[in-house]
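A short worksheet on the structure shown next.
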Amino acid sequence: MGRGKIVIERIENTTNRQVTFSKRRGGLMKKARELSILCDADLALIVFSSTGRLYDYSSSSGMNAIIDRYHAAKEENCGVLNPTSEAKLWQREVTTLRQQVHNAQHINRQLLGDELAGSTVRDLQFLQNQLEMSSHSVRKRKEQLLAEEIQELNQKGFFIQK
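Quick look at the structure:
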């Protein structure tokens, strides 16, 4: 025997409304997460409660990236952009690129040992691992070049001795 159907209308009792909101919000978040994982979909879900509290979920690409994608797709579907929309699009692009440059500069300064004051132990461990991997790659390339140079010098010495 299944559950009975309920009438979809506003719940007058505030306690019941809040309980229903919490349960259904949890179910909605779970479905969004499942859809994202199972179908490899980029997903953003934004919910405001009646009290104005924000609840959100976004897949791995992040809320801002999905919203930017949404705006771009919406403008594409509208056909030819008017000059104002095109200017806004380029402004967003400039803002995004500036943020990427800022992030890259920050990471570079951290790799050089600067701007470490606000870093957590986990951040520092990650940074140390990156440096060790980079150092290993540099060492490996240097050894390869030295081995090639030694081989070349040995060949030249072999030809001189003949």
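The letter at position 119 of the sequence shown is residue 114 when you use this note's numbering, and the numbering goes up by one with no holes.
Beta carbons: idealized from backbone N, C-alpha and C, even for Gly.
- When Cβ pairs closer than 8 Å are counted between the two stretches, the region 64 to 84 is seen not to touch the region 95 to 107, the count staying below three.
- In the DSSP assignment, I41 is bridged to D51.
- Taking C-beta separations shorter than 8 Å and ignoring five residues to either side along the sequence, the partners of L126 in its chain run L106, following chain order.
- Membership of G21 in the alpha helix (DSSP H) is indicated by the continuous run T9 to C34.
- Just so you know, the alpha carbons of S45 and N8 end up roughly 13 Å apart.
- Remark: three or more beta-carbon pairs, one from each stretch, lie closer than 8 Å, so the region 46 to 59 and the region 16 to 29 are flagged as touching.
- Contact between R20 and V42 holds: their C-beta atoms lie close to 6 Å from each other, under 8 Å.
- Residue environment for A112: exposed (fewer than 16 other C-beta atoms within 10 angstroms of its C-beta).
- By alpha-carbon distance to T91, the top candidate from R104, V116, R117 and D63 is D63.
- R87 has its alpha-carbon roughly 10 Å from the corresponding atom of R93.
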